[in-house]
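Numbering-wise, our numbering puts 87 at position 67 of the sequence shown, and it's gapless, one number per residue.
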Amino acid sequence: MPTAMRGALVQSVSAQPDGPLDVTWLTLETPKLPLGRISLHWEPAPLAGWDVTAHLGLATTEVHLASWPAAPDDWPSLVRPTLHEVLGLCAALAVATAALDLSNRLAQV
């Protein structure tokens, strides 16, 4: 990962077990993560592999989502299932929240 970056913003995650992770770089100056978005950070592990961490953007903060210490060189295939599930849950929560908001607005009419 380039030194001027704090991580990578996950844009999309393939549903295929060996599918790609599409990311864009996050600079050190990038503000907090948007709601429901995931960032990845990786660096060489002390002995072998990569130390990979994921953070999730919430309404007011970022939280630690997961860590994969000493992950093998093919770590994207290791982290992909977790990222896919969390992004799916965030999307479902966004739809449920929008439906609840609409229901509340219609109830006030």
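Glycine included, C-beta positions come from ideal geometry on N, C-alpha and C.
Residue i classed as buried or exposed, judged by whether at least 16 other C-beta atoms fall within 10 angstroms
{"i": "Ser-59", "result": "buried"}
{"i": "Val-83", "result": "exposed"}
Run of the alpha helix (DSSP H) containing residue i, from where it starts to where it stops
{"i": "Asp-94", "result": "No alpha helix (DSSP H) holds Asp-94; DSSP gives it neither H nor E."}
Helix, strand or coil at residue i [DSSP, three-state]
{"i": "Thr-73", "result": "strand"}
{"i": "Pro-89", "result": "strand"}
Extent of the continuous beta strand (DSSP E) to which residue i belongs
{"i": "Pro-64", "result": "58–64"}
{"i": "Leu-41", "result": "41–47"}
{"i": "Ala-28", "result": "25–33"}
Span separating the alpha-carbon of residue i from that of residue j
{"i": "Ala-119", "j": "Leu-113", "result": "10 Å"}
{"i": "Ser-87", "j": "Ala-111", "result": "22 Å"}
{"i": "Val-115", "j": "Leu-67", "result": "43 Å"}
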